Structure formats: C-alpha cells, structure tokens
Amino acid sequence: MWPKVIILVDADAFYASVEQRDNPQYRGKPVIVGGKPGQRGVVSACSYEARKYGVHSAMPISRAYRLCPHGIYVGTNMDKYRAVSSEMFDIYRKYTPLVEKVSVDEGYLDVTPAPGVQIAQAIREEVRDSLGITVTAGVSYCRYLAKILASQSKPDGLGVLAPEDAKGFLHSLPVSKLPGIGPKTANTLRREGINTVGQLGSMPPSWFETRFGKTAPRMMELAAGVDPTPVNPQQQVKSISEETTFREDQSETESLLAVLAQLSQDVGHRLRKQELCCRTAGIKVRYSDFTTLTRETSLPTPFSSDAEIFGCAKELFLSLAPFKRPVRLLGVSVKSLEIVKTVQPMLLQDTNRWESVSEVMDSLHLKHGKKMISLGRAIQRKP
DNA sequence: TCTGGGGTCCTAGGACCC
DNA sequence: TCTGGGGTCCTAGGACCC
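Every position in the first sequence, counted from 1, becomes a number in the numbering used here once 42 is added.
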C-alpha cells in the first residue's frame, strides 16, 4: 500500500544544461559554471562531460581548471536560470497543485493517489520537449526516499521505491544519504561503528536522544523508513540575503560602506518586490583569513526601506571597527519577515518618508535600470 | 590549493518577565 | 549567604542543503 505518492523532480546539472541548451557549441563538452579561471569562486554546476575529469560542484574554480584546462568556463546567470526554473515549475503544476519548490532546480510533488511512475515519466518528457533540458525523478511513498531515489538515478533517469522494498533498501544504505546527516555527523557516527541506516536503526531510543537531542524522533523515523513531512505548496520565505566576495580583499572603510549600501539596496528591492517588510537586519563579514562573523539587530517596528536596512548595516559594521585584517566578503540580510498588508498602518507612519523614497527608486529601477539612481553611499568612488 | 551565494534549522547563553 | 523555576525573545555561531 502506498500511503502517499511523492515525486522529487531534480534538473540534471541545471545551470550547465541551460548554458548548453542556449549555446549549441557547448553541447557534448565540459561546461563549468561559476566563474572564469583566475577569479575567486567555486563551481556552481558542471556538465557531466566535466565530471569525467573529476570536476564537481563546490570545488574551487582554480582546482577545476587544473583538472580540466580545456573546459568551457562561464559565469552564473541567475536571472536566466530563475526564468527557466519558473517555466519548469509551471509544467509541474499542470499535474498537481501540490508542488513545493525546494530550490531553483528541485521540487516535490504530491500526486496521491495517481500512478507516480507514469506521471513522473510524462513530466520528464514534457520538460525535455518544451524546455530542452533533462530532469531526473524519484518516486516513493515519502519525501526523503523520493529524493534519495532521484539522486541515485541521475542523470536523465527515473527511480522508484515501493513501501515493501524500503526495509531492504535502507539496510545497506550509507547513513550519509539521510537528510540532515552531513560530513560532520557522518564522521561522528563512523567513529561509533555506524555506517549504514540498518545499523542506525538498531540503536535504542536513549542513544538517539543523547546523540541528536531535539531531532532524535526525526532521525529514528528516517532510519525506520518513515517521513511524515507533507508537501507544502505555500512555504513562506524566512530570510533574504545578498553577499559578495571581492576580487581582492578590501581595507578602505569608505568603499566597504559603499558596497554595504549597494547590498542593502539589493536586499531591500527583493524584500519590497515580494511585498514584505522585516524586523531584523544583519551583516556578514569575512576577513582575509576566512574568519567569518555575523551581527544582527532588531527594530521595534517593521521596515523595508533601503535607508533603514543600510542604517542597521552601517551601525553594525562600524561597531566591528577597528579592523585588524582586510575584508574578503560582505553580506547584508533581513529576517523576521512579515507581509506588508498585515502590518498595522500606524506602525509604518514614522518611517513613511523612507518607504516612499524606496518605492520611487524601485519604479525608476524598473523603468531605467539599476544604475539610474541609488543611495549616495552606494556610488563607488573612483580610486 | 584555497575556500561562492543563497537559504533552513538547531543550539546556547543572557536578558527579561512572572 | 547563596542565589527557584519556567517561558520567551534576542543574538551569534554552526551544521547542513542546493
């Protein structure tokens, strides 16, 4: 019996596939998306041709270049990938309204009680024919098993796991395949002699509690082939952030503040586009030695203007001075998000002036592009 | 041979309150 | 002289995911 029919659809080497689709001369060749050799960065995605050379995502570009010097290196074009993603999810929603987007290239579908394999196959064919990229699907009776099946069926594949086969499947599965078991936890478990989900499932509840604390019940379920997490089509975003790593480390406070202002504007723009406001804004600073710190602050009333976000960011940033090391990365984030309409109008009165400035700026950006107008701070000074 | 950018969730200490 | 017991909010950091 299938309690539910869950499909995980995951695009294959997504960014690289889109680039190959749009640039026929890239097809059949190792394509590495993330940056040009010589630049700072890691591989965001790479084609299967590139993987033959040992290149994989999250690998520094410099190392990828040593492994595959004749590869095609392209920068990321998130706007383009987001657009393809949106077409992809429109296709999924033709088959069921219960679609949950978990990332730009990956989504869960609940098609209960329909036949999962036929639907997954139909979706794969439609995406291939109308978008020109391939997706892999995993079909099972719960989310995490659908996901694991898809990961084992890549690329351009379709994997199925029926409830009656779950026990046998999990018995020899490495624990690192379970969601939430990353490298650190897998290492800890290995030192205790636990390598497979079968071994994990044989441990007593008291062991789970000391090892996993609050998440113990969840881990016990996963080990037993149980995952009650529903597919939720209306997942609300919890935070918005923008960050940038400099080509060369920066020490000048003035130019760092200019970057912080630009990031504040970008975050504010995305925030308002989704008709949200926030109560908390924060910054992220990574120094040249890679030590990273975060600072955040909350205000008593919700806000969404660039100036207020930058006001928080600037104050937090200056509170870190004096800086002992050059700065490698700066980031700005907002959280404690609320939908603007539900915020009491009274609360917005104080800050109304800045809200309207931001609205005017948003419409100018839309009409004339981002260079049209910006906060005084964000205008880069020429050296 | 250095280490991107965008997220989620959990922990843990201190403030604050009853 | 030793200092309750909970609950919630805020902040910083870390593990994990794509």
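Note that the Cβ used here is the ideal one computed from N, Cα and C, for glycine as well. Nothing here was measured: the structure is a model prediction, and the numbers come from that model.
ask   = Quick one: what's got a C-beta closer than 7 Å to residue 376's C-beta in the same chain, skipping five residues either side?
value = 281, 282, 309, 313, 320, 322, 323, 351
request  = Could you round the C-beta distance between residue 286 and residue 305 to whole angstroms and report it? I think they count as a contact, below 8 Å.
outcome  = Right, their Cβ atoms sit about 7 Å apart.
Per-residue DSSP class, three states only, for residue 372 = strand
task = Report the three-state DSSP secondary structure of residue 402 (helix, strand or coil).
result = Residue 402 falls in the helix class under three-state DSSP.
inquiry  = Under DSSP, the beta strand (DSSP E) around residue 150 begins and ends at which residues?
reply    = 148–152
key: Contained beta strand (DSSP E) runs [length at least 3] in the region 322–362, N- to C-terminal order   = Here the runs fully enclosed are 334–345.
query = Leaving out the 5 sequence neighbours to the left and right, which residues in its chain are closer than 6 Å to residue 58 when beta-carbon positions are compared?
reply = 73, 75, 87, 88, 89
Integer-rounded CB distance, given that residue 329 should sit under 8 Å from residue 370 = 6 Å
key: residue 288 - DSSP class collapsed to helix/strand/coil   = strand
request  = Quick one: grab the DSSP three-state call for residue 425.
outcome  = The predicted position of residue 425 is uncertain, since its pLDDT is 33 and thus under 50; no value can be drawn from it.
key: Whole-angstrom distance between residue 292 and residue 137, CA atom to CA atom   = 50 Å
key: Span of the beta strand (DSSP E) around residue 57   = Looking at the DSSP string, residue 57 is not in any beta strand (DSSP E); the run it does join, the alpha helix (DSSP H), is 56–64.
ask   = Excluding the five sequence neighbours on either side, which residues of its own chain have a C-beta within less than 7 Å of the C-beta of residue 62, listed in chain order?
value = 68, 69, 73, 89
key: Beta-carbon gap between residue 302 and residue 258 smaller than 8 Å   = no
ask   = Considering residue 104, what are the terminal residues of the alpha helix (DSSP H) in which it resides?
value = 103–109
Beta carbon of residue 187 nearer than 8 Å to that of residue 162 = no
Distance CB(residue 211)-CB(residue 203) smaller than 8 Å = yes
request  = Could you check what DSSP says for residue 198 in three-state terms: helix, strand or coil?
outcome  = coil
query = Do you know how far the Cα of residue 53 is from the Cα of residue 79?
reply = 26 Å
task = Return the residue from the list 368, 49, 318, 64 that minimises the CA-CA distance to residue 173.
result = 64
key: C-alpha gap between residue 191 and residue 50, whole angstroms   = If you take the alpha carbons of residue 191 and residue 50, they lie about 9 Å apart.
query = Out of curiosity, what's the CA-to-CA distance linking residue 142 and residue 263?
reply = 22 Å
For residue 68, the first and last residue of its enclosing beta strand (DSSP E) = Here residue 68 belongs to no beta strand (DSSP E), and DSSP marks it neither H nor E.
Cα-Cα separation between residue 425 and residue 298, rounded to whole angstroms = Bear in mind that a pLDDT of 33 at residue 425, under 50, signals an unreliable position, so the number given afterwards is only what the model happens to contain. Whole-angstrom Cα-Cα distance: 13 Å.
query = My guess is that residue 45 and residue 183 are in contact by the Cβ rule of under 8 Å, so how many angstroms apart are they, rounded?
reply = 6 Å
query = So, is residue 185 buried or exposed, given that buried needs 16 or more other C-beta atoms within 10 angstroms?
reply = buried
inquiry  = Let me check one thing: in DSSP terms, what residues is residue 52 bridge-paired to?
reply    = Beta-bridge pairing links residue 52 to 148, 178.
query = Which partner residues does residue 129 have in the DSSP bridge list?
reply = In the DSSP output, where bridge partners are listed per residue, residue 129 has none listed.
task = Could you have a look at residue 296 and say whether DSSP puts it in helix, strand or coil?
result = Under the three-state reduction of DSSP output, residue 296 falls in the helix class.
task = Would you mind reading off the limits of the beta strand (DSSP E) that contains residue 115?
result = 114–116
Residue span of the beta strand (DSSP E) that contains residue 159, given as start and end = Residue 159 -> not in any beta strand (DSSP E); alpha helix (DSSP H) instead, spanning 158–173.
ask   = Under three-state DSSP, which class holds residue 266?
value = coil
query = Nearest-angstrom Cα distance between residue 401 and residue 296?
reply = 26 Å
query = Three-state secondary structure (DSSP) at residue 236?
reply = The answer is coil: DSSP assigns residue 236 none of H, G, I, E or B.
query = For residue 85, which option in 235, 102, 123 has the closest C-alpha, if you only look at C-alpha atoms?
reply = Cα-wise, what sits closest to residue 85 is 102.
task = Please report the residue range of the alpha helix (DSSP H) in which residue 212 lies.
result = 208–213
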